[in-house]
């Protein structure tokens, strides 16, 4: 490592979240808290059927209700107003509904209560159609079609990949395992429910306050909606208030946002639509269920020879970013461990279920569940220690994987070591107790899934050494403002509290592709660092004249600008800034910087180095299985990650803890239960959200590899915490009681059934 | 002129104010409209006496009132918390009051009504002292002292200036006139009354929404108040809401702002203090009354030989920027017309009256009233035509005045011509009708009265050619956002509506010294232009590669980037921006620029070129005097100005019309009547505000001299409209009925008395 943490003043420090006190004191303003003058309240009416034709809608009673300002149906939505990744989803449906979640009408009224009452007064006559809810059945030739105008329920997607020669490699393998895994619907369970407030100014420019992870892309979506409404050449300002969690749920725009826009324009007043918890469960998106077929093999020494995977994803009735998760699944499939021959086919299939969205890990947890379960099975078959097989096949610095991922820094081995150090993997645990391990690879240096993977930063300093940074990056609770503040403070020799980070307002903040793919620390961090370096150079240039030394000799620390070793040549930064400001031809210090990483879009060959660097990790679990009840208790959990550099270990641990707890829920309890397209458990209790009460003791060893491209060496680490949790648990259960559960979540019932089957 | 208006697409166009519709629809949010969660309402108790000792204050009943959260007296104000130019004014007074306006207590309560009730419950015992209300008497040796710890009521100010040799010049003059003029108290009469809302975050950082013209300097003041409160190293964010007029009234921070801060900190809640109209009259500041002694002479050809002036200014009980107006008075005294020998003494004198503040023109209207009245008297004495004497002595391009002002462009002659063209100056008007003329010089290119006269701008473009500009400049209704938008749009080949101007938020906007001295168009305009040019160069550089031509050949117009004469080499700006963004190593276009004009602070010798350029003007009035009632009717008014370049003639005319109407009120009707320190007419009717109903037909010929340093040649023109109005009217009255009124306002009573005296 080129620099150790002791070289830093602010980076690497456990600085509590800068907005913690505001939030703890109840002063943070969430969308629920914002009230604009004259604001109306919108509500949405959803379909009564999973699949039906709309024969007739009568809104007359709703329109007549006192306090109602507007009622909209599909007829009021401009033809070209469509949402989603392939723009197949109008915000209110016309003529036909394809899922229970489909919007059929909306109202704006002077209170939420009146709006609700108005919804109840809308009379709709439906003609029910046969629904299709199983993606594998939906793929069959004679299956009913979710969208009649398409010839198949299978989306046209390019995921049919073959690197190397899998057939040949399989033949030459010493050991091969093959299996089928399935994962369930889960949802993000953001504690802050969704909402938006739209308002137009006198010139038909739109301001929308909305819970989003993608202010710049949402701005584009809304501009397109405005165009569809006939409002050309207008401005859209997206302001993201403080939000209570994102986890990928806010990577697309939602019907409620576009409906708020339509209502606000019709009423000429601000219109707020805010979800309650039931609506949050039913009308926001999920991590889609997957059916995963995996076959992989190794030679007699345990070296992986090939990996052949096939995925079927339930897309739901419409298409959002969930349909693009196969591209992230490709990453672990092609690149978790060294494996030269890879085959991968993925199919996203329309059903009459709720449509899916991005969620933390973005396909990686699903794929890794299969891969890492299968790795243990392969190790057992080959008679190789399960830690050893991972060491043998570990990724290494300098590798280029079949997909074309270029591994720069790689701490996977150290992560495996860290897990092994904490838990016993010798099979000598007490009865019913077992340990499991699973590794991960994830993008850690951006992810080019859009034309630009960039982020801008603007920085200005005042006369005293305080800094305002406008970042394109979006904080959604993860603490990006701390990270930016610490990076800028480190570069300029200031304290984190000297840095004010302004984010989430498209009028003010430069463009950014969004808070996804664990990219914010790396990309927004590099953008802010770039701006700080420019400002630093300007200060050095000014100080260079003042001190009569070359600019590069001038350093910054503890709010002092100085030439090391020359006590005469030193000045408090504030004084220097004032000198620069109040001299003839004076200036204030400002800079802007746009950072677009040098990563690649996957081209037609579906190859490319999608990220500047990759994060690695290994998770270890120690569980106890109650053989009478099937209940799994997690006794210990170790989550070791190669993070490049921990800008703030406290926040990093927070990310890891949160990720692991989310992963444990995924592994053990959480599931959106869906019956014929209808969500049956729209509440935290029946959803079985893993809560603080369920959380276990987690150790989170931090491996620092000082990535050459990361800001101060950092990689992104937002998602990895939840990626290999389920297989680590599944592997531990197998170690404990010898049953392998291949279907998430691993409920006591499934364990009991498996135990019964094993003991029969 | 190097460029004519037809060379421009956006500059020179009559584009209505960009915020006009918002304001007309009642959607603009003034301080009165802003309500923050949990907000309390503050009110201030003022002194019952012009001069008294405070013997005892009992706040117990107020504290006990239900709904009251805090009661403050002078005892609660930190010792070092002082306001004003020489920091002589604590926001709440302790022990002693020196004017009726002195604050003695303040409360915060859950409603304004309860706050008012609480004030009524505060019991104060005073011991009245002798007050001094006449500044000339206050200068006498045995006068009572306003501030006992000072040895004199006369402020220590440097205004004792002698350029050339006045004594010699006087002896050599062919004609000399000498007189005494007086001007009254007037006040700004902003339609939006004053107010502020202060709130602290959990870390004791302050946000203050306040009606100010100086966000950056106010931030500094508030930082100092925080320091005085023991809150070191904190952040202050100043947000200026939309305000209903400034006119100089908001160039300093006021007691109510600091009191709101104290209350907000004590209550840990947002506290709003908003003035009603009576409070606005009584507790905001005035244009100070002046007593002006002037002597000037000319040779037998009418060429000015010397000017000798002495000013006495009523400073009131405390010191704000009003005390610095002598430095602006110096400008016309030294530099209106060519005059080589100048003597000038000014004294600001403490009295127990209300303290004075900056007001549009900043001393220039007072000085010009005397100078231009005296010019007519001198012309008459010398037997020279009053237009002719002005032409003889007119400033000319290339001059350097005794004070050191460097006259770059000068359209004074054209202004005089324009006035002469519109009105008859041959003395042949009908009986009781007369014409008058008066000229002006004013700073038109900034005014260095502070360490920096600079302004910053940050500019960012989106993917479609829309621009956000963050300016340090402060709009207070004058339309700065239009000016910035037009300048940036012109430079980048866009429409004004493509430019979003963000101002008046210190977190977002770069530093600026404030909206004063008619500097915003020039200084903020140049800053925005500088940023636009930087962005333009970046686009040119990118397009240069694309088109394979040198960057400087690439032009911008109508949202097109093109090489003139080569139709192949042309691309819509939006498309080019997207190309730049979505290419490898892509970037968004951003730039920052700080412009500090190359003007000078007056040093110890009280010489220096305080502005980069100067605006000139000549006003002409045609009045009819009713000899029975003394009433003066303004029949016609011409206000010709050398504006360099009219960026927006519509807004420019608005500035001139508004200035002239303000000047007419100053000339004819408006006065704050003060009796023994007490304001007697705190309402628009008794103050006799010149209203729309009283406005006269005004012609505003625009003289364009294309200033070399101005943005697209523009000079500042915010203040001049009200500068020479009073002498133009006074001169017209003299022309009409042969009486010269030397005391403003020229009420019917004064005219009648003068007519009677003349006819006796």
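Protein chains in written order, with my numbering: chain R, 16 to 775; chain S, 16 to 775. Yeah, the Cβ is synthetic: ideal placement off N, Cα and C, and Gly gets one too.
Inside the region 491-565 of chain S, DSSP marks whole alpha helix (DSSP H) runs of 4 or more residues at positions 495-507, 540-562, from first to last along the chain. DSSP, reduced to helix, strand and coil, places residue 178/R within a strand of the structure shown. Excluding residues up to 5 positions away in sequence, 212, 224, 256, 287 lie with their Cβ nearer than 8 Å to the Cβ of residue 49/R in the same chain. Between residue 45/S and residue 126/S, the beta carbon gap of about 20 Å keeps them out of contact (Cβ cut-off 8 Å). Buried is the label assigned to residue 234/S, since at least 16 other Cβ atoms lie within 10 Å of its Cβ.
Not one beta carbon of chain R lies nearer than 9 Å to the beta carbon of residue 144/S. For residue 606/S, the nearest CB of chain R lies under 9 Å from its own CB, placing it at the interface with that chain. In the DSSP assignment, residue 587/R is bridged to 575/R. An exposed status is given to residue 442/S, since fewer than 16 other beta-carbon atoms sit within 10 Å of its beta-carbon. As a beta-bridge residue in DSSP terms, residue 311/S pairs with 192/S, 322/S. Among the residues of chain R, none has a CB under 7 Å from the CB of residue 188/S; the nearest is roughly 40 Å distant. For residue 172/S, the three-state secondary structure derived from DSSP is coil. Taking 8 Å as the Cβ-Cβ cut-off, the region 268-301 of chain S has no residue approaching chain R. Interface criterion not met: the Cβ of residue 627/R is under 9 Å from no Cβ in chain S. Relative to the Cα of residue 631/R, the nearest Cα in the group 602/R, 671/R, 506/R belongs to 671/R. Taking 3 residues as the minimum length, the beta strand (DSSP E) runs contained wholly in the region 201-231 of chain S are 210-215, 221-225, in order along the chain. Judged by DSSP in its simplified three-state form, residue 339/R adopts helix.
In the DSSP assignment, the residues bridged to residue 471/S are 609/S. Among the residues facing chain R, residue 44/S is included, as its CB has a counterpart in that chain under 9 Å away. If you compare the alpha carbons of 137/S, 551/S, 596/S, 99/S with that of residue 566/S, the shortest gap goes to 551/S.
For a Cβ distance threshold of 8 Å, nothing in chain R lies close to residue 531/S: the least Cβ distance comes to about 18 Å. Residue 164/R counts as exposed, since fewer than 16 other C-beta atoms from the protein chains shown sit within 10 angstroms of its C-beta. Only those residues of the region 505-528 of chain S whose C-beta falls short of 7 Å from the nearest C-beta of chain R are listed: 515, 517, 522, 523, 525, 526. Per DSSP, the unbroken alpha helix (DSSP H) holding residue 678/R starts and ends at 664-683. Around the beta carbon of residue 527/S, 16 or more other beta carbons lie within 10 angstroms, which makes this residue buried. Burial is judged here by how many other beta carbons sit within 10 angstroms of a residue's own beta carbon; residue 291/S has fewer than 16 and is exposed. Chain order gives the chain R residues near residue 218/S as 36, where near means a beta carbon separation below 7 Å. The beta carbons of residue 417/S and residue 378/S sit no closer together than 9 Å. Setting aside the 5 residues that flank it on each side, residue 123/R is surrounded in the same chain by 55, 57, 84, 85, 278, 282, 286, each with a C-beta closer than 6 Å to its C-beta; the list follows chain order. When DSSP states are grouped into helix, strand and coil, residue 696/S belongs to the coil group.
Using a CB distance cut-off of 9 Å, residue 727/S does not count as an interface residue toward chain R. Distance check between residue 301/S and each of 376/S, 768/S, 649/S, 133/S places 376/S closest, using alpha-carbon atoms only. The DSSP-derived three-state label of residue 617/R is coil.
The beta carbon of residue 717/S does not come within 9 Å of any beta carbon belonging to chain R, so the residue lies off that interface. If the five residues before and after residue 29/S are omitted, its C-beta is found closer than 7 Å to the C-beta atoms of 663, 664, 665, all from its own chain and listed in chain order.
If you check each beta-carbon in the region 399-417 of chain R against every beta-carbon of chain S, none falls closer than 8 Å.
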